[in-house]
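Here the structure comes first, spelled out in structure tokens, and everything after it is commentary.
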Ligand code: HEM
Ligand SMILES: [Cu+2]
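Residue numbers (the working numbering), protein chains in the order written: chain A, 409 to 1234; chain B, 6 to 111.
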């Protein structure tokens, strides 16, 4: 088969449906990635316009441009949009687009999940924009501290938009992350062992793990606050045993890692682009991996440094001050590795390099002011002043936006297939950099002079007028610069001349395919021998296109892709991917019912949507798998691989594992919240502890034994090609007993009496939910067994259900145990 | 997967220990501690013991990751995991030093 015929065949298999419907039903990583990117950039423009409104208001003293309530919405929405709707989706989009190419594979691990994530992001973001247009947007600041954000401080619907809209959007971050982790671990070109991963993939692996563990505390916090607002469950109200500091803990458990979640992808871009610009290879690959992993984990241990001003004891301050100084070390390692790379190479001053230099200058300054505010006494002085605003923008704009622009200009030829022709980019660069420093350098000074953040006007005679005027001018210069970047990109994408395939002569695989890339990315999958395959073999792209790698024969008409063993990169199974489908968008829409129902207080919509989501989920899962045992198939070069439906741990098992990791962190945060309230919240103990009695604990223990034993029995039977019926039935009975045990907790407490009761409700509700999910999965498994989808070789689905059942049992025992424990002595 | 665990576990254990000691400090300083019949000195002893236990655990990780039984077969993973185990040990010693140097509940 010649290259053109292969291309046509593959495009028919992997491409979207024609027309606008193609966009709604596509599950292809190229489409989804670009859609993410386009939407994120749109949000950057909206957030930027809001920033300009802020600067216009503060340019002159006592400006009458906006009243306080509009102003509060504007700065809150600016922060919310930039953090949640711009920064995270932007790098997600970049990763969704690039990662499969870099790893030498054809798509992400769960294509439909990417599409689902994108639509959740689109719908959730739309809710927030709707609120903004209607003038009922959140106005309590992007971190939404209660009681300001409780019904006491924000009686209207504004805060609900934040809580619900953001949670909706986070679903997309969690799905994208589960997918990125599984993709990096399993879907790579053969031969790509862990030490040959492109450095960007390492960073994204760390970032995705951080999202899986960092977002759940925030989702928990939002859930609790929304429950308080909707049903009066007093988690954050001191007079009923709640504590508003709990919100701060949950928020910053997310919020500090979030800063690194935003920074690390940018660092990944730099580690990828810098060596190419310096015409050399990255210095200290292993050290950088170690630094990225340590940053990823260390950054979780410093959340309390955002809470120095809440009156915690000195020892607590000292812990977090010490931990905060520690993060400087891996950051330093990284920066030195970059400098060393520059040193050893011959840097060329292309536009990406300029942006990297702007990053260096800005980020180092932001880091220094960061060290300053990590010192407790200084933080007490500068807390909630413009010094903090300036610091955070040095880090966020310098540490994220600038590197992303470097990446944008670096990968632009890959996106568009064109060579940059018009030279607007350099003008834009200087306007942005000068404007940025003109704005925020000055604002440090305003902060030191005592200007508080989030004030809606400045008083004449405060001494801050001139600074603010100059800062506003700087802000507008920067805005013009960003506008020019956009124009530059659009113009170059549309009218520039066609370029060469690998204009920078980079070594990674995303340059081994035509640009813009076809929807299958690689016409065949190469074998990799080093970190820079294109440097080993400059002819590789041609050989890939000629189908000389694996899976070069599109004869089966299916979306074929292969997985590898995690550490060594040895190929180990052949996966058939699902095709385009409207299911993701429909599912996201139905999921939206959950949030909209809560928002407009149409509570009947919530259970209805839940049922809808469950039904769609079952449909979704039903369409996968196979009804007969298949033989291993040749994939090229004499290699024969078993189908992924017949390995013990199929990709779906891995996906479940990482989703459950996020779920477990959610549950852990819940127990943490319970313990926190129990130890330090005022007005404890509650009027009465729940007395467990005998029935509940017996149900729970019996249920646990039945569920664990039953699913194992079923698994064993399956592997001997027998009927799993008895085991499944026992397991189902066990799960029902667990659910019933949790219900006894619900019936014996009143949800809004005290924070203790409210917490027990959430714990028990969580148990009921997981018992139900595992129960549904068990029923599903029974149906699959009846339908002939399971066999001694096809046990993967049973393994997935076993994982979820084990999890449900574990959380039931832990959660109910914790709920009953205080009542035992009485 | 074991290679990923070799890389991630020591620092994760640091995080767990660090958070646990912070939680313990909260407990020591809360009314619950006195209700249970302990005093501040007992609180400091408990925190110090936790600190030492965490440090010992980290040393154990470090040794295990060098031992032929638990070390990775990939030289790269061995290098990275040992580096990170050292980082975790240093982090444990350094971030929990306040248990013996600062006043507990002021
Ligand atoms: C494009 C240029 C930008 C300008 C001119 C700008 C301007 C501002 C100003 C003046 C404030 C102060 C609001 C106040 O405290 O009263 C602010 C707050 C904030 N900005 Fe920006 N910003 C920009 C970009 C960004 C980016 C890229 C991000 C994040 C990725 C970001 C995140 C935030 C956050 C989180 C806040 C705090 C909001 C709050 O206090 O609730 N900004 N910005
Ligand atoms: Cu922080």
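Each residue gets a CB set at the ideal place from its N, CA and C atoms; glycine is no exception.
Please report how far the alpha carbon of residue 635(A) lies from the alpha carbon of residue 641(A), in whole angstroms. 6 Å
Beta-carbon neighbours of residue 102(B), restricted to chain A and to distances below 7 Å: For residue 102(B), the chain A residues whose Cβ falls inside 7 Å of its Cβ are 730, in order along the chain.
Using the C-alpha atoms, what's the distance from residue 940(A) back to residue 810(A)? 25 Å
Taking the Cβ atom as the reference point for each residue, do residue 1150(A) and residue 1175(A) lie within a distance shorter than 9 Å? yes
Boundaries (first-last residue) of the beta strand (DSSP E) holding residue 981(A): 979-985
Within 10 angstroms of its Cβ, does residue 910(A) collect 16 or more other Cβ (buried), or is it exposed? Buried is the call here.
I want to verify the contact list: residues of chain B whose CB lies under 7 Å from the CB of residue 799(A), in sequence order. Here the premise fails: no neighbours, minimum Cβ distance about 23 Å.
What are the complete alpha helix (DSSP H) segments, minimum 4 residues, inside the stretch 906-982 of chain A? 941-944 and 948-953
Where residue 603(A) meets chain B, residues with beta-carbon distance less than 7 Å: 79 and 81
Using DSSP's beta-bridge definition, name the partner residues of residue 1047(A). 1044(A)
Does the beta carbon of residue 8(B) come closer than 9 Å to any beta carbon on chain E? No chain E is present in this structure, whose protein chains are A and B.
May I ask which residues mark the beginning and end of the alpha helix (DSSP H) holding residue 93(B)? Element bounds for residue 93(B): 80-100.
Alpha carbon to alpha carbon, how far is residue 885(A) from residue 729(A)? Give it in angstroms, no decimals. 37 Å
Alpha carbon to alpha carbon, what distance is there between residue 597(A) and residue 646(A)? 56 Å
Is residue 603(A) near residue 81(B), with beta carbons less than 9 Å apart? yes
Quick check: the Cα distance between residue 521(A) and residue 1050(A), rounded to an integer number of angstroms? Residue 521(A) and residue 1050(A) have their C-alpha atoms some 24 Å from each other.
Helix, strand or coil: which one does DSSP assign to residue 520(A)? Under the three-state reduction of DSSP, residue 520(A) is assigned to helix.
CB of residue 808(A) to nearest heavy atom of ligand 1: below 8 Å? yes
Could you confirm whether any beta carbon from chain B is found closer than 9 Å to the beta carbon of residue 721(A)? yes
Would you mind working out which of 454(A), 771(A), 663(A) and 1214(A) sits nearest residue 486(A), comparing C-alpha positions? Here the closest residue by C-alpha is 454(A).
Taking the alpha-carbon of residue 697(A) as reference, which of 709(A), 712(A) and 680(A) has the nearest alpha-carbon? Ranked by how close their Cα comes to the Cα of residue 697(A), the residues 709(A), 712(A) and 680(A) have 680(A) in first place.
Please check the pair residue 1136(A) and residue 1179(A), which I expect to be a contact at CB under 8 Å, by giving their CB distance rounded to whole angstroms. That pair is no contact at about 15 Å.
So, at 6 Å on beta carbons, what are the nonlocal neighbours of residue 51(B) in its own chain, with the 5 sequence-adjacent residues on each side left out? none
Indicate the three-state DSSP secondary structure (helix, strand or coil) for residue 826(A) in the structure shown. strand
Could you tell me which of 1062(A), 632(A) and 622(A) sits nearest to residue 1168(A), measuring between CA atoms? 632(A)
Would you mind reading off the limits of the alpha helix (DSSP H) that contains residue 579(A)? Run containing residue 579(A): 566-594, per the alpha helix (DSSP H) assignment.
Any residues in the stretch 28-44 of chain B with a beta carbon nearer than 8 Å to a beta carbon of chain A? Which ones, in chain order? Per Cβ criterion, the list reads 28, 30, 31, 32, 34, 35 and 37.
Consult DSSP for residue 777(A) and reduce its assignment to one of helix, strand or coil. helix
Residue 1167(A) CB to nearest chain B CB: under 9 Å? no
Quick check on DSSP: helix, strand or coil for residue 513(A)? coil
Looking at residue 807(A) and residue 745(A), is the spacing between their C-beta atoms short of 9 Å? no
Once the 5 residues before and after residue 1075(A) are set aside, which same chain residues still bring their CB inside 6 Å of it? 1219
C-beta neighbour in chain B for residue 905(A), strict 9 Å: no
Following a CB-centred definition, is residue 770(A) positioned closer than 8 Å to any heavy atom of ligand 1? no
Rounded to the nearest angstrom, what separates residue 380(A) and residue 446(A) at their Cα positions? Because chain A spans 409 through 1234 in this model, residue 380(A) falls outside it and cannot be assessed.
Terminal residues of the continuous alpha helix (DSSP H) containing residue 37(B)? Looking at the DSSP string, the run of the alpha helix (DSSP H) that includes residue 37(B) is 36-40.
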